[in-house]
Every structure is written in structure tokens, then in C-alpha cells.
Amino acid sequence: MGKAEERSNLYHQFLGLADQIHRLVSTVRAPGQSEPARWKLSEPEMKTVLHRRDYVLVPGAIPSTDTLREWNAHAAAVLRAAASIDH
């Protein structure tokens, strides 16, 4: 796999992880529903991932491969932490 292809794959992987986190946050914030205590532990980290997706990523300016690897590792860790809190 070439460097451009790897970077593109990492970019799309990050977007998928961020979408999973967005769905978790959206589920928690249903109208009339109190926020479960378990989400309060990981919510700042979730917001970091969503901030990167919504404000740091700009069209035509994909971050470096190393940055994307770091972001993917962070997002995956956030999802693992949310899953372990849920059980």
C-alpha cells in the first residue's frame, strides 16, 4: 500500500470512529433523558474526537499519517473505555 492510500485509509477510519462516538453522545443526549454517570467519565475525550472531526479536519487538508494514527488510537481508546464503563 502506498503512503497516499494508507493516509486515506487512516482518514476514513478516523471518520468512522468519530461517527461511532457521535452516535454514543447523541444517544445519551435524548430529550428528557438524564445523562448516565458512566458517560461523564469519557465525555471530555469524546468531545476531543468530535472537535477534531468537526473543526480540525478541513476539506483538502488531510493531516499527516502520524497524526491520523494518533487520532485513531485515541478514538479507539475512547470507544473501548466507553464500552468497559457500560458493562
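99 is the number of the first residue of the sequence shown in the working numbering; add one for each residue after it. Heads up, the beta-carbon is just placed ideally off N, CA and C, and yes, glycines get one too. On a predicted model such as this, the values are computed, not experimentally measured, just so you know.
Helix, strand or coil: which one does DSSP assign to residue i?
| i | result |
| --- | --- |
| A128 | Any reading at A128 needs caution, since the residue's pLDDT is 49, under 50, leaving its predicted position unreliable; the model's value is listed next. Reduced to three states, the DSSP call for A128 is coil. |
Considering only C-alpha positions, which residue in the set the options is nearest to residue i?
| i | options | result |
| --- | --- | --- |
| L148 | E103, H172, R167, E104 | H172 |
| P157 | P142, S106, N170 | S106 |
| K145 | S162, I119, Q111 | I119 |
| E143 | G100, A102, H110, A175 | A175 |
Kindly examine the ligand ZN and report whether one of its heavy atoms sits closer than 7 Å to the Cβ of residue i.
| i | result |
| --- | --- |
| T165 | As for the ligand ZN, it is missing from this structure, which has no ligand bound. |
Residue i and residue j look like a contact to me (Cβ under 8 Å); what is the Cβ gap, rounded to whole Å?
| i | j | result |
| --- | --- | --- |
| N170 | L122 | Rounded, the Cβ-Cβ distance is 17 Å, inconsistent with contact. |
| R151 | L113 | 7 Å |
| A179 | S124 | Incorrect: roughly 18 Å between the Cβ atoms, too far for contact. |
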